[in-house]
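Peer 1:
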Amino acid sequence: MASVAMVVNGKSITREVEGRTLLVDFLRDDLRLTGTHVGCDTSQCGACVVHVNGQSVKACAMFAIEADGAEVATIEGQANKDGSLNVIQQAFQDHHGLQCGFCTPGMVMTAAALLKENPKPTEAEVRSYLEGNICRCTGYHNIVKAIMAASGQDVTAIAAE
Amino acid sequence: MYAFEIERPGTIADAVKALQSDGAQALGGGQTLIPTLKARLAAPDVLVSLSAIGEMQGVCLSDDGALCIGAATTHATVARDAAAHFAGLAHLASHIGDPAVRNRGTIGGSLANNDPAACYPAAVLGTGATIITNARQIAADDYFQGMFTTALDEGEVITEVRFPIPQKSHYMKFVQPASRFALVGVFVAKYADGVRVAVTGASEEGVFRWHEAEAALSADFSPKALDALSVDADGMIGDLHGTPDYRAHLVKVMTGRAVTAAT
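Chains A and B, in that order, give the protein sequences.
The first sequence lines up with residues 0 to 160 when you count with numbering that gives the first Met the number 0.
The second sequence lines up with residues 0 to 262 when you count with numbering that gives the first Met the number 0.
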């Protein structure tokens, strides 16, 4: 066992973990932050995307111990301070960017990373950035539309609702 | 996953020391190794994470004009920091896997693994780069020794990769859409003394140089120079994604496109 300390959604935490503990298992099982999902567990699907020091990573392909000293952001920390949905989350609701919702935490975290890097992405840039996030319900059109809308762009010409 | 110890040294010297123990293995970004551990295809007793070693991070220019990249530098960092100096390499790094994978995966990890469909081996062989380890310097032509096989000794760690910057270069990848690996990827680099062409994803022997194309492009750096050439399908990978003939054909097509797009 080793001690890890990190700041998760703004809160400092310290825990003992086994070397083999994945970051996603640490978040879900030790911290009970179950909004980060495990879809494939083979780093294909992106349901487990969180931010480590501001960068999107697949939490199923990183050990908790490697986040020692890092700032970690998960879907639980994305809402506005008053508890209302943030711009990206609200856009997913407005544009029906989810059906079953399983992939949504990863989609929202990836979208947040994209818009931080590239505040006004083109539709092609959004689709390319979502390469590592799989959704089996929506066909992606409304996810792309939601992210474009969250960036403040006119989405009337993009894929029918 | 089997239980193992994990160490996180802060210096190359400490990492080399930790790797001396029985059953120890280096962990780069883990984007291949961690799924491999989950599938129980590898079961090291000790993992030595290289992610906390500051002296293995970053991109810089050496005094003799080479681009030096610390082995623990992520693909995302290479994509950003190499762009002003070596556009072909930055382009390659920016198309590996997906954004989250690029934020973790490292150049040293990719080269130590030497997956036959990985992108970086094509750039390293296609530029004649130098692999620097804790013990020695290895020329690219001596480093790659077949699928998942390299010149690295047990416990040897890649610390840096040094690229001679070409006048023009490009990497063209035909993506296997599920994995984002190269079904065929070709790196073309033009130097004052000739052109180098390296191919990944195609051969059962891993990354290789296409010498006939190098000669033709050294005489005339245009896609037309490839017209008379063909690639032998013998020894090419055949799987459900493409036959050996298909891959051999793609090698020529991707090489031509890389020449056209080279900047």
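Built from N, CA and C at the ideal position, the CB exists for glycine as well.
Is the Cβ of R79/B closer than 7 Å to any Cβ of chain A?
Peer 2: Judged by the 7 Å Cβ criterion, R79/B is not in contact with chain A.
Peer 1: Return the Cβ separation of G109/A and Y128/A in integer angstroms, given the expectation that the two are a contact with Cβ distance under 8 Å.
Peer 2: In the sequence under discussion, the amino acid at residue 109/A is Thr, which differs from the Gly named in the question. Indeed, because the Cβ distance is near 7 Å, the residues count as touching under 8 Å.
Peer 1: Cα separation between H90/B and S20/B?
Peer 2: Near 38 Å, if we compare the C-alpha coordinates of S20/B and H90/B.
Peer 1: Counting Cβ pairs closer than 8 Å, one from the segment 173-181 of chain B and one from the segment 127-146 of chain B, do we hit at least three?
Peer 2: Segments in contact, no.
Peer 1: Which runs of the beta strand (DSSP E) spanning at least 3 residues fall entirely within the segment 71-110 of chain A, listed in chain order?
Peer 2: The segment 71-110 of chain A contains no whole beta strand (DSSP E) run of 3 or more residues.
Peer 1: Residues bridged to L88/B by DSSP?
Peer 2: Note: L88/B sits in no beta bridge, so no partner.
Peer 1: Are the beta-carbon atoms of A145/A and F101/A separated by less than 7 Å?
Peer 2: Against a cut-off of 7 Å, the Cβ pair of F101/A and A145/A comes out as no contact.
Peer 1: Is it right to say D97/B is buried, meaning 16 or more other beta carbons lie within 10 angstroms of its own, or is it exposed?
Peer 2: Buried, because 16 or more other Cβ atoms sit within 10 Å of the Cβ of D97/B.
Peer 1: Return the first residue and the last residue of the beta strand (DSSP E) that Y190/B is part of.
Peer 2: Run containing Y190/B: 181-190, per the beta strand (DSSP E) assignment.
Peer 1: Against A112/A, what residues of chain B qualify as contacts under a CB-to-CB distance less than 9 Å, listed in chain order?
Peer 2: Here the neighbours are P98, A99, N102.
Peer 1: I believe D93/A touches A148/A by the beta-carbon criterion, under 8 Å. Please report the beta-carbon distance rounded to the nearest angstrom.
Peer 2: Contact holds; Cβ gap of about 7 Å.
Peer 1: If contact means a Cβ-Cβ distance below 7 Å, which residues of the segment 27-45 of chain B contact chain A?
Peer 2: So the close ones are G29, Q30, I33, P34, K37.
Peer 1: Measuring CB atoms only, is the segment 20-28 of chain A touching the segment 48-58 of chain A, in the sense that at least three cross pairs come out at less than 8 Å?
Peer 2: Counting Cβ pairs under 8 Å, three or more are found: they touch.
Peer 1: Using a Cβ-Cβ distance cut-off of 7 Å, determine whether S42/A contacts chain B.
Peer 2: Yes, because at least one Cβ of chain B sits closer than 7 Å to the Cβ of S42/A.
Peer 1: At a cut of 8 Å, does the segment 205-219 of chain B reach the segment 238-246 of chain B through at least three beta carbon pairs?
Peer 2: The segment 205-219 of chain B vs the segment 238-246 of chain B: no contact.
Peer 1: Whole alpha helix (DSSP H) runs in the segment 108-149 of chain A with 4 or more residues, listed along the chain?
Peer 2: Segments of the alpha helix (DSSP H) lying fully in the segment 108-149 of chain A: 122-128, 140-149.
Peer 1: Just reading off the beta strand (DSSP E) that E6/B is part of, what are its end residues?
Peer 2: Run containing E6/B: 4-6, per the beta strand (DSSP E) assignment.
Peer 1: Between G184/B and the rest of its own chain, which residues show a CB-CB distance below 6 Å, the 5 nearest in sequence each way excluded?
Peer 2: Only C118, A121, K172, T199, G200 meet the Cβ criterion.
Peer 1: From the beta carbon of A148/A, is the nearest beta carbon of chain B less than 7 Å away?
Peer 2: Cβ-Cβ to chain B under 7 Å: no for A148/A.
Peer 1: Using a cut-off of 8 Å between C-beta atoms, extract the partners of M61/A located in chain B.
Peer 2: Result: G29, I33, R103.
Peer 1: Measuring CB atoms only, is the segment 148-158 of chain B touching the segment 14-34 of chain B, in the sense that at least three cross pairs come out at less than 8 Å?
Peer 2: The answer is yes - the segment 14-34 of chain B touches the segment 148-158 of chain B, with three or more Cβ pairs under 8 Å.
Peer 1: Would you give the residue range spanned by the alpha helix (DSSP H) that K16/B belongs to?
Peer 2: Run containing K16/B: 11-17, per the alpha helix (DSSP H) assignment.
Peer 1: Comparing C-alpha positions only, which one of G125/B, V250/B, D219/B sits nearest to S229/B?
Peer 2: Ranking G125/B, V250/B, D219/B by Cα distance to S229/B puts V250/B first.
Peer 1: Tell me which residues share the same chain as T158/B and place their Cβ nearer than 8 Å to its Cβ, disregarding the 5 neighbours each side in the sequence.
Peer 2: Result list for T158/B: I11, E54, M55, G69, A70, G107, I131, T132, N133, in chain order.
Peer 1: Look at the Cβ atom of A81/B, then the Cβ atom of V58/B, and state whether they are nearer than 7 Å.
Peer 2: Yes, these two residues count as a Cβ contact at 7 Å.
Peer 1: How is L124/B classed by DSSP in three states: helix, strand or coil?
Peer 2: Helix.
Peer 1: Could you name the residues that DSSP lists as bridge partners for I64/A?
Peer 2: None; I64/A has no bridge partner.
Peer 1: Give every residue of the same chain whose Cβ lies closer than 7 Å to the Cβ of F143/B, excluding the five residues on either side of it in the sequence, and list them in chain order.
Peer 2: The residues are N113, P120, L124, T149, G205, V206.
Peer 1: Check distances from the C-beta atoms of the segment 47-62 of chain B to those of chain A and list, in chain order, the residues that come in under 9 Å.
Peer 2: Correct list: S48, S50, A51.
Peer 1: By DSSP's criteria, F220/B is part of a beta bridge. Which residues make up the other side?
Peer 2: In DSSP, F220/B forms no bridge with anything.
Peer 1: Going by the beta-carbon positions, is the gap between V71/A and V16/A smaller than 7 Å?
Peer 2: Against a cut-off of 7 Å, the Cβ pair of V16/A and V71/A comes out as no contact.
Peer 1: Measure the C-alpha to C-alpha separation of G104/B and G28/B and round it to an integer number of angstroms.
Peer 2: Using only the alpha carbons, I get a separation of about 4 Å.
Peer 1: If you compare alpha carbons, which of G9/B, A17/B, A2/B is closest to G18/A?
Peer 2: Of G9/B, A17/B, A2/B, the residue nearest in Cα terms is A2/B.
Peer 1: In three-state terms, what does DSSP make of E159/B?
Peer 2: In this structure, E159/B counts as strand in the three-state DSSP scheme.
Peer 1: State the start and end residues of the unbroken alpha helix (DSSP H) segment that holds I157/A.
Peer 2: Neither: I157/A is in no alpha helix (DSSP H) and is coded neither H nor E.
Peer 1: Quick check: is the beta carbon of R126/A nearer than 7 Å to any beta carbon in chain B?
Peer 2: No, no contact with chain B.
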